[in-house]
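Below is one structure, written out as structure tokens; comments come after it.
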Amino acid sequence: MTGKTKKNFSFRNFLFRYGFLFVLLLVIVYFSASAPSFFSLTAAISVLHTAAPLLVIASGLAFVIMTGRIDISVGSIAFLSSAVAALMISRYHLSIPLAVICMLALSCLMGAINGFIVVILKVNPMIATFGTQLAYRGIGLFLTNSMVVSLPRSIRFLGNKKVGPIYVDILFSLFVLLIMFLVHTRTQIGRQIVAIGNDISIAEKLGIKEKKISFFGYLLCGLMAGLGGIVMTLQVGGVTPTSGTGYEFSAIAMLVIGGISLYGGEGSILPGILIGGITLAVIETGLNYVGASVYVYSFVRGGVIFVSMFADALKTQIKPKAKIIEDEESSTILAK
Amino acid sequence: MTVSYLKMEGIAKFFPGVQALKDVTFEAAKGEILGLIGANGAGKSTLMNILGGNLQPNAGRILIDGKEVCIDSPTAAANHGIAFVHQEMAMLPTMSITDTMYISSYPYKRGLIDYKKIHQNCRSVLKRLGCNFDPREKIRNISPGDQQMVEIGRALLHNPQIIIFDEPTSSLTLREKDHLFDVIRSLKNEGAVIIYISHFLDEVFNLCDRVMVLRNGETVGGGQLSDYTYNDIVKMMIGSKEIDTYYSRSEHSTGEEIMRVEGLSRTGIIHDISFSLNKGEVLGIWGQLGSGRTEVARALVGLDPIDSGMIFINIDGSMTPVKQSETKKYIGMITENRRKEGLLLPMSVKNNMSLANLPKLTKKSIPFVIDPKLENSQVEKFVSRMEIKISSPSQRVETLSGGNQQKVIIGRWLQKNPLIYIMDEPTRGLDVGAKADIRRIISELAEQGAGILVISSEIEEIMSISDRYIVMKRGGIVNEFGGKVTREELVAAATGALTEKE
Amino acid sequence: MNLHNSGISQLFSKQGASNTHELYLNWTRYLPYIVLIVVFIAVSFVVPYFLTVPNILSVLLQTSSLAVLAIGQAAVLILGGIDLSMPGVMALGAIFGAMYMESGGNSVIGGLVMILVPTTLGFINGVSISYFNMIPFVVTMAMQAITIGAATMITNQISIPVSQNFCDAILKKVIGIPLPIIIMLVVALCSQFVMTKTYFGRWLYSAGTSIPTSKVSGIPTKRVVLAAYTFAGMMGGVAAIIMTSRLYAASPQMGKDSVAMDIIASAAVGGVSTMGGVGTALNAVVGAIIITLISNVMNMANVSYYLTLVIKGLIIIAFVAIDANSRRKLSR
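Residue numbers (our numbering), protein chains in the order written: chain L, 45 to 380; chain B, 729 to 1230; chain U, 2 to 333.
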């Protein structure tokens, strides 16, 4: 019984593991060449600033994707919960902490509804959250009457407040990522979520309460979507009817680029999501610098997710080759 | 003998429609290995699942160390010092060895998992099993044999007093098996109660001190193993039936070559596989699990890729090279995984049986359109020929018994009537009667001129039906034998003893 | 006798229930028809002129493009996949066709362009999913983003008018029935025939039930998957023609994400299982009629657009949940 596995250097595996770092580098070089002002500290900070709300949302979504499921309602959860909070503050003059608490409770509730439909009612996660995505947005549009709800001036500054040269929301999102990283790697729930992503029936056999844990994943995803909604709203200074549209898509792109497999069970919060988030944000900010039209974003984002998905599919196809176990000693056993 | 530590008394268990266990009583003492044997469906697993807390008995009681205990969950079982090493390993490929062992019971320190401690525990448990892994290694990077050690390691974490092994050797090589037996013996010497479930008598005779035989949910006998012979045990297992229910086939001559394989290779899996198959011949592939036998079968029909090699098939009298992706047209394949790769479970018997032959069931006048009359008559013909017990051809196939399901799959290929059949473990998990039926069908097919490649883990089975043998080891062919080979020669060749002598 | 996967073919079949392929032993099999009848009765109470021939024709005309899209979606769902890119693919096809005609091209070729572009995009979806083992919903979701992005980029969000001749030719009435309805019926009947009577259909259902079993049985599963997605793309093209002529223009608005919801809702409400292996083209058409009627009712009752979204979302979830749970009960 050989205790150590050989660690052969495989260029292919190396490319898969660090491929996106190269892509990121290439993208940065390209944009720096075509728009000289791109390569600067200010630009770097603005890239992170852009990515901040999505980093938070993606860190919650990761816990659903790592179980091998999906939640595409995150953008709508962010929208509806921040719309409700904005309405509470601007129209009903509720105190801000109370509004934030209500908002987070609401986002948890929406996550729980998703979890209930997917985990308990066993509806295909894709279709279930597709349904709730439209339902949540519908409710939000109904409540706001499809109008912009602005935040009062007293808190609007928070979205663009800086500590030194760095925006507060960057620090906040990094802090959230760190917490989620610990939840993922150093708590039983986080580990069990990965186990479920390996194989649901095996996880259940090992005594994991699969339904409870998967449900928790959706709940956490809802909560993070709500937190991301706060960052998003503060950055804009209000809630617009299109707030959060396409966020699910960007968040999935971030995760896939960052190496979190959509097949479940694989990937890391740090550095995974950070790399994915920065890559995506660099591309979008870069397009902005180059002066591309807004419509190019959707096109490019689609292309990026297509390519990263392709890499993910290839990666899962490389299974470790079944070893033929060496039997040098069997002959001696029989000869005895 | 020491006083019994574990006692199960009058255990009975009903499932809807069947009584799995009726009044089973047994005891086991510390420091002994009890072999629990019985044919499929005898109730071994049900009994052990009751002890392991996965099932609740309808009657009876369990005593541990003289005290009656209630085992209502796997956790309760663990608390009573019972550990269960399951036949199917529960591994988490993307996670570390430590995670796989501790997944449902992590210890915490300051709000976070205390990895330092559990890595250490893990390492020491694995050391006890004679393994030297880094506990942070991912499961997917270690071999199945090593995974089995992890599985056992998990059972040992809580210092159990009673350890149940359910068919632990099914995915092990010979060498790993010997190692496992050493481990089990050392556990016994440490004073644990060991219950060892197996169909393999040689394993039981090799390892166990005492034996208990179950049949149809009842204890039919048991005692010190030294008082019994192989034959006694087999008699108890199958009851009043004849011991030799195996179908033994008559000698007959074989015809011209219909398939030839040259130099089939896939790096790290199989290498340089060359053989030929004749008309009317049953060619047995014999080898240990993991010897590459299943991989060869799958490669022949394009289910697994190959790196090099040629396959020739006799088409209209001449041996023609056929591309790997095209061989399916000439070969009927029965894989070892019936439910996953053999059947469309929610669909009807009819849909399942015409599946491979659909393009030939079309109306003559309109292409592509299935002729319902032709389809029905074909299905009925093969249902009656195979003696498949169904209420109607529209019965859903998942409601059939294993034997009838397997016949549906064979019937599917019979309908297509290919030149060549490949059958990987065609009788796995079937009862004795169904096994004999399937073997009879294989012989009949050969007599009608088909060439058949059979893989089986049971040496008696492969010897009762094959005309010729090829023996595989470590991904290559090591020997070929004619019909007169002995059991010992086959086993020796598969384990490498013969080649060493040459 | 053939594979009877839908209640409707069951109803029309002479052999009766005891002899047919039974997947749904319970009432859920007939649910779509019950819903259709209930909705129908409810609407005819609310709208007195509902049960007149012109009105029914106008409802069917409204349904036609959705029904064609739902048939394409049904093929993919039966296979156990999903296609979220149908609206975008349709819009892009319509825009390319319209641009071709605007630049002075022939209408017939313009129509062909409208079909060929979506078919090609469906083919790309199919290749990615079958030959590269990519996850269907991500592939098609990315395709939706790419096509919509391309459509808005090309048009700058301005719709491209199509010639009157083209629209008149498509909207022409044959024996009093508008051509799109006939197209819908022809497409539905042909698809129904292929699905239930030919071995391609059998292959589709068996691949949707178990890919490994189908593979071992010698069915070219990759090609079946490819064919289903290509077919879905092609249906996007047919729908593009109908939509463009009804709107007299091609615009990126045709490809909104929420259209995908209507398509999937139609298939799911009609009784096509999202878990693969169950449903037919007729199911999709019935579903499309139900969804169109529900949209109309909500429109007439002045329900806000936003609540319509909520209600449709809930309808999808309810039907898929019923389907998932009834199938689980069966397989026990």
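Where is the CB? At the ideal position from N, CA and C, for every residue including glycine.
This one's a predicted model, so the numbers in the text were calculated from it and none came from an experiment.
Q | Cβ-Cβ separation, L:Leu-226 to L:Leu-318 (assumed contact under 8 Å), whole Å | A | Looking up residue 318 of chain L in the first sequence gives position 274. Looking up residue 226 of chain L in the first sequence gives position 182. Going by Cβ atoms, the distance from L:Leu-318 to L:Leu-226 rounds to 15 Å, so no, they are not a contact pair.
For the segment 297-365 of chain L, list the alpha helix (DSSP H) runs that are entirely contained and at least 4 residues long, ordered along the chain. 318-334 and 339-361
Since U:Ile-161 sits in a beta bridge, which residues does DSSP pair it with?
Your numbering for residue 161 of chain U matches position 160 in the third sequence. Beta-bridge pairing links U:Ile-161 to U:Ala-251.
Residues bridged to B:Tyr-1197 by DSSP? Position 469 of the second sequence, counted from the start, is the residue given in the question as residue 1197 of chain B. DSSP output for B:Tyr-1197 lists B:Gly-1012 and B:Phe-1209 as bridge partner(s).
Quiz item: Three-state secondary structure (DSSP) at U:Asn-326?
Solution: Reading the third sequence from its first residue, position 325 is the one you call residue 326 of chain U. U:Asn-326 falls in the helix class under three-state DSSP.
Please report the straight-line C-alpha distance between U:Ile-110 and U:Ile-242, rounded to a whole angstrom. In the third sequence, the residue the question calls residue 110 of chain U occupies position 109. In the third sequence, the residue the question calls residue 242 of chain U occupies position 241. Spanning the two alpha carbons is a distance of roughly 12 Å.
**Item:** Beta-carbon separation (whole angstroms), B:Phe-812 vs B:Met-940, contact threshold 8 Å
**Value:** Position 84 of the second sequence, counted from the first residue, corresponds to residue 812 of chain B. Position 212 of the second sequence, counted from the first residue, corresponds to residue 940 of chain B. Going by Cβ atoms, the distance from B:Phe-812 to B:Met-940 rounds to 17 Å, so no, they are not a contact pair.
- Give the residues from the segment 1085-1101 of chain B that approach chain U closer than 8 Å (Cβ to any Cβ), ordered along the chain. Leu-1086, Pro-1087, Leu-1089, Thr-1090, Phe-1096, Val-1097, Ile-1098 and Pro-1100
Which chain L residues sit within Cβ distance under 9 Å of B:Asp-800? The count along the second sequence starts at 1 and reaches residue 800 of chain B at position 72. By Cβ distance, chain L contributes nothing, its closest Cβ being about 14 Å from B:Asp-800, past 9 Å.
query = Among the residues of its own chain, which have a CB less than 8 Å from the CB of L:Met-170, if the five just before and after it don't count?
reply = In the first sequence, counting from the first residue as 1, residue 170 of chain L sits at position 126. Correct list, in chain order: Ile-114 and Ile-116.
Note to self: Using a Cβ-Cβ cutoff of 8 Å, what residues of the segment 161-176 of chain L are near chain U? List them in chain order.
What the structure shows: Ile-161, Leu-165, Lys-166, Val-167, Asn-168, Met-170, Ile-171, Ala-172, Phe-174, Gly-175 and Thr-176
Does L:Leu-299 get closer than 9 Å to chain B when you measure Cβ to Cβ? Taking the first sequence and counting its residues from 1, one reaches residue 299 of chain L at position 255. Not closer than 9 Å to any Cβ of chain B, the Cβ of L:Leu-299 fails to qualify, so no.
**Q.** Cutoff 7 Å; reference B:Ala-1221; Cβ partners in own chain excluding five residues on either side
**A.** What you label residue 1221 of chain B is simply residue 493 of the second sequence in a count that begins at 1. For B:Ala-1221, where only same-chain residues beyond five positions count, the Cβ hits under 7 Å are Val-1199, Val-1206 and Asn-1207.
Margin query: Taking 8 Å as the cut-off, does the segment 97-111 of chain L touch the segment 261-272 of chain L (at least 3 CB pairs, one atom from each stretch)?
Written below: yes
Which residues in the same chain as L:Met-132 place their Cβ atom closer than 6 Å to its Cβ, once the five residues preceding and following it in sequence are excluded? On the first sequence, position 88 is the one that residue 132 of chain L refers to. For L:Met-132, where only same-chain residues beyond five positions count, the Cβ hits under 6 Å are Leu-138 and Ala-143.
Review point. Which first and last residues belong to the alpha helix (DSSP H) in which U:Ala-285 is found?
Key: For the purposes of this step, residue 285 of chain U is taken as residue 284 along the third sequence, with counting starting at 1. Start and end: 282-301.
Practice item. Closer than 7 Å by C-beta to B:Asp-793: which residues in its own chain qualify, once you throw out the five before and the five after it? Chain order, please. Key: The residue labelled residue 793 of chain B in the question sits at position 65 within the second sequence. Excluding positions up to five away in sequence, the list reads Tyr-733.
Point to revise | Distance between U:Val-270 and U:Ala-345 (C-alpha atoms, nearest Å) | key: Here chain U has residues from 2 to 333 only, and residue 345 of chain U is not among them.
- If you draw a straight line from the alpha carbon of U:Ala-322 to that of U:Gly-73, how long is it in whole angstroms? Here residue 322 of chain U refers to the residue found at position 321 when the third sequence is read from its first residue. Here residue 73 of chain U refers to the residue found at position 72 when the third sequence is read from its first residue. Cα to Cα, the separation comes out at about 22 Å.
L:Ile-101 in three-state terms, based on DSSP:
As a first step, residue 101 of chain L is located in the first sequence; it is residue number 57 there, counting from the start. Three-state result, L:Ile-101: helix.
What do you get for L:Phe-201, buried or exposed, if any count of 16 or more other CB atoms within 10 angstroms of its CB means buried?
Working through the first sequence from its first residue, we reach residue 201 of chain L at position 157. With fewer than 16 other Cβ atoms within 10 Å, it is exposed.
I want to see whether chain L comes within less than 9 Å of B:Ile-971, judged by CB atoms only; does it?
The count along the second sequence starts at 1 and reaches residue 971 of chain B at position 243. At B:Ile-971, the pLDDT of 39 sits below 50, so the modelled position is not reliable; the number obtained from the coordinates is stated separately. For B:Ile-971, the answer is no, since every Cβ of chain L falls outside 9 Å of its Cβ.
* To do: Would you mind telling me which residues of chain L sit closer than 7 Å to U:Ala-285, beta carbon to beta carbon, in chain order?
  => By 1-based counting over the third sequence, the position of residue 285 of chain U is 284. In chain order: nothing, as chain L lies at least about 15 Å away.
>> Rounded to the nearest angstrom, what separates B:Ile-765 and L:Ile-240 at their Cα positions?
In response: On the second sequence, residue 765 of chain B is found 37 positions in, with the first residue counted as 1. On the first sequence, residue 240 of chain L is found 196 positions in, with the first residue counted as 1. Rounded to whole angstroms, B:Ile-765 to L:Ile-240 spans 34 Å at the Cα level.
Open item on the list: Quick check: does the Cβ of L:His-93 come within less than 8 Å of any heavy atom belonging to the ligand FAD?
Closed with: The ligand FAD is not part of the structure shown, which contains no ligands of any sort.
message = Contact criterion: CB-CB distance below 9 Å. Does U:Thr-214 meet it with respect to chain B?
response = Stepping through the third sequence from its first residue, residue 214 of chain U is reached at position 213. For U:Thr-214, the answer is yes, since a Cβ of chain B falls inside 9 Å of its Cβ.
| request: Excluding the 5 residues preceding and the 5 following U:Gly-112 in the sequence, name in chain order all residues of the same chain whose CB lies nearer than 6 Å to its CB. | output: For the purposes of this step, residue 112 of chain U is taken as the residue at position 111 of the third sequence. Around U:Gly-112: Ile-242.
> Which residue's Cα is closest to the Cα of B:Arg-1124: B:Asp-1099, B:Leu-1071, B:Phe-1096 and B:Lys-855?
Replying inline: Against the second sequence, residue 1124 of chain B aligns to sequence position 396. It is B:Leu-1071.
Through-space distance from B:Ile-912 to B:Met-1114, alpha-carbon basis = Position 386 of the second sequence, counted from the first residue, corresponds to residue 1114 of chain B. Position 184 of the second sequence, counted from the first residue, corresponds to residue 912 of chain B. Approximately 44 Å between the Cα atoms of the pair.
>> My assumption, with CB atoms under 8 Å, is that U:Ile-79 sits in contact with U:Gly-219. Please give the rounded CB distance.
In response: Position 78 of the third sequence holds residue 79 of chain U. Position 218 of the third sequence holds residue 219 of chain U. The Cβ separation is near 20 Å, so there is no contact.
Taking all protein chains shown into account, decide if B:Ser-852 is buried (16 or more other Cβ within 10 angstroms of its Cβ) or exposed.
Sequence index remark: in the second sequence, residue 852 of chain B carries index 124 (1-based). The residue is exposed, with fewer than 16 neighbouring Cβ atoms inside 10 Å.
So, for B:Ser-1004: in the same chain, excluding its five sequence neighbours on each side, which residues have a beta-carbon less than 8 Å away from its beta-carbon?
Position 276 of the second sequence, counted from the start, is the residue given in the question as residue 1004 of chain B. Glu-985, Met-987, Arg-988 and Val-989, listed in sequence order.
Measuring straight from C-alpha to C-alpha, what distance separates L:Val-108 and L:Thr-323? The count along the first sequence starts at 1 and reaches residue 108 of chain L at position 64. The count along the first sequence starts at 1 and reaches residue 323 of chain L at position 279. Distance between the alpha carbons of L:Val-108 and L:Thr-323 is about 22 Å.
Q. So what does B:Pro-1049 bridge to, in DSSP terms?
A. The residue you call residue 1049 of chain B lines up with position 321 of the second sequence. Looking at the DSSP assignment, B:Pro-1049 forms a beta bridge with B:Phe-1040.
Closer than 8 Å by beta-carbon distance: list the chain L residues that pair up with U:Thr-153, in chain order.
Walking along the third sequence from the start, residue 153 of chain U turns up at place 152. In chain order: Tyr-339 and Ser-342.
- Task: Just grab the DSSP bridge partners of U:Pro-179 for me.
- Result: As a first step, residue 179 of chain U is located in the third sequence; it is residue number 178 there, counting from the start. Note: U:Pro-179 sits in a beta bridge opposite U:Lys-174.
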